[in-house]
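Residue numbers (our numbering): 704 to 891. Using N, Cα and C, we set each Cβ at its ideal position, and we do this for glycine too.
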Ligand code: 5GP
């Protein structure tokens, strides 16, 4: 389906996925990372239409009703989804498309794009994950508790992924991620 190769990157919250993906984007300027929609509040520095499309719950519900999402899921009590139009926007162009999804999203996209390649980024340990979430300073205590519980559950699903990258060293992990993206003959 389409000409681009589809990658799904998942990670427990705080594993460093955004950092690794931003390094990969700098090294592979043609990489197309889709922008998801979410009902959660923007974190400081996050921009609408760049990091996420920030929607109200009402707007999100309407988008579900008009069948606008390729997939959507409830994660940490908020809604997240990938617009079909986001995927279509990129898939017509040659190159590599990256979707950042939780495990449920990966499972939905796998049934839509069976040829997709899935990558799971893990933190060195759950202890390390906890200290990263706390030091980020942008999550409430209850949110951190929820994210850690989800992390434990998501880590159990790692065997469903094609590749696992342990993010114990950012440079090393970024190099592995870039190498995987380059396995596409169309990646730059
Ligand atoms: P965060 O709030 O930390 O940005 O993201 C929380 C979780 O939502 C992460 O696991 C992230 O991968 C996931 N997520 C982000 N966008 C989407 C999406 O479009 N669909 C799904 N299913 N999960 C998403």
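Asked	Found
Are the beta-carbon atoms belonging to residue 880 and residue 708 less than 8 Å from one another?	no
Short of 8 Å in beta carbon distance, which residues of its chain neighbour residue 864, apart from the five on each side in sequence? Order them along the chain.	713, 809, 821, 822, 823
Shorter than 7 Å, the distance from the beta carbon of residue 793 to the closest heavy atom of ligand 1, or not?	no
Would you call residue 773 buried or exposed, if buried means 16 or more other Cβ atoms sit within 10 Å of its Cβ?	buried
Give every residue of the same chain whose Cβ lies closer than 6 Å to the Cβ of residue 705, excluding the five residues on either side of it in the sequence, and list them in chain order.	Unreliable positioning characterises residue 705 in this predicted model, as indicated by a pLDDT of 45, which lies under 50. The coordinate reading is nonetheless provided below. Excluding residues within five positions, the ones whose Cβ falls inside 6 Å are 794.
So what does DSSP say about residue 828, is it helix, strand or coil?	coil
Cβ of residue 779 within 7 Å of any heavy atom in ligand 1?	yes
For residue 891, which residues in the same chain have their Cβ closer than 6 Å to its Cβ, ignoring the five residues on either side in sequence?	Note on residue 891: pLDDT 40, under 50, position unreliable in the model; the coordinate value appears next. Excluding positions up to five away in sequence, the list reads 731, 733.
Answer yes or no: do residue 718 and residue 826 have a C-beta to C-beta separation smaller than 8 Å?	yes
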